[in-house]
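To convert, count from 1 in the sequence shown and add 28; that's my numbering.
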Amino acid sequence: MKSLVNKAHVLFSIFPFLLLACTMQAPEDYYFQFALMEEWGKYNRQQTGRMPHEVIPSPENTQPLVVAFEVGKPPAELLGFVSYNIPGAQATEEPTDVALPSVPISLQQEVLQQLFDEKQIRVVHWRLKHARLEGKQNRVLLNFIPRAFSERAIKEEFLMICAIVHGAQTQAGTIDIIRVIA
């Protein structure tokens with residue numbers, strides 16, 4: 029009788045935790061999602077006139093690769109991309125009209141490397157140019173190896189690198205230009 033009471037006590041003490049664990053979040057309904065994907069595929073094939081066995085290659089595979097840094101191509105429509113050797117491209121070497129305080133770049137290089145490692149961005153070299161002390165703009169120059177050579181992947185890594193470098197500053201506003209080369 030005593031062991032039955034102990035078992036009942038253990039069961040009732042575990043029951044609230046079991047109930048809580050089962051009601052925290054309902055499992056995903058993958059069958060329903062798969063059915064919706066099949067229905068969408070069927071509708072899409074009807075609209076395009078494609079048969080189920082026909083495969084349409086990706087536009088990235090059929091069109092020539094256009095990299096944002098390629099010479100001779102128009103610059104990408106992304107704020108911050110300045111292509112080199114293109115007529116009419118803005119030069120970033122000119123000092124700004126706004127008087128900036130002459131401070132060196134305050135950047136935590138260990139934190140910067142750790143963040144690059146966490147995001148799996150392969151930055152092979154970076155250099156800081158403390159040019160505000162000479163009356164110019166402070167620049168951070170970075171070279172990286174992109175994970176993929178599509179324009180979208182390079183833009184994504186470029187924006188992530190800019191965000192990481194900007195966030196790794198110990199004092200805000202010490203970096204004027206971030207130049208990234210893939």
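From the three backbone atoms N, C-alpha and C, an ideal C-beta is built for every residue, glycine too.
Between I192 and L143, is the Cβ-Cβ spacing less than 8 Å?
-> In contact: I192 and L143 (Cβ atoms closer than 8 Å).
Just the Cα atoms here: how many angstroms apart are R207 and S130?
-> In a straight line, the C-alpha of R207 is about 20 Å away from that of S130.
Along the alpha helix (DSSP H) that carries N72, what are the first and last residues, could you check?
-> Its alpha helix (DSSP H) spans residues 58 to 76.
Find the nearest neighbour of I149 within the set I173, Q199, Q74, judged by alpha-carbon distance.
-> When only C-alpha atoms are compared, the closest one is I173.
Does DSSP classify E105 as helix, strand or coil?
-> Per-residue confidence for E105 stands at a pLDDT of 48, beneath the threshold of 50, marking its modelled position as unreliable; the derived number appears in the next sentence. Of the three classes helix, strand and coil, the one that applies to E105 here is coil, per DSSP.
Continuous beta strand (DSSP E) stretch holding I206: start and end | Boundaries of the beta strand (DSSP E) harbouring I206: 205 to 209, taken from the DSSP string.
Nearest residue (CA-CA) to V153, options L169, G195, P80, E179 = The question names Val, yet the displayed sequence has His at residue 153. Of the listed residues, the one whose Cα sits closest to H153 is L169.
Work out the CA separation of E56 and Q74 for me, nearest whole Å.
-> Using only the alpha carbons, I get a separation of about 29 Å.
Spatial distance of F43 from Y58 (CA atoms) | Taking the straight line joining both Cα atoms gives about 28 Å.
Rounded Cβ spacing between N166 and A176 (contact assumed at less than 8 Å) | That belief does not hold up - the Cβ atoms of N166 and A176 are roughly 31 Å apart, past 8 Å.
Are the beta-carbon atoms of H194 and I205 separated by less than 8 Å?
-> Contact flag unset, no.
Separation of R155 from F97, as counted between CA atoms = At F97, the pLDDT of 48 sits below 50, so the modelled position is not reliable; the number obtained from the coordinates is stated separately. The alpha-carbon of F97 is positioned some 20 Å away from that of R155.
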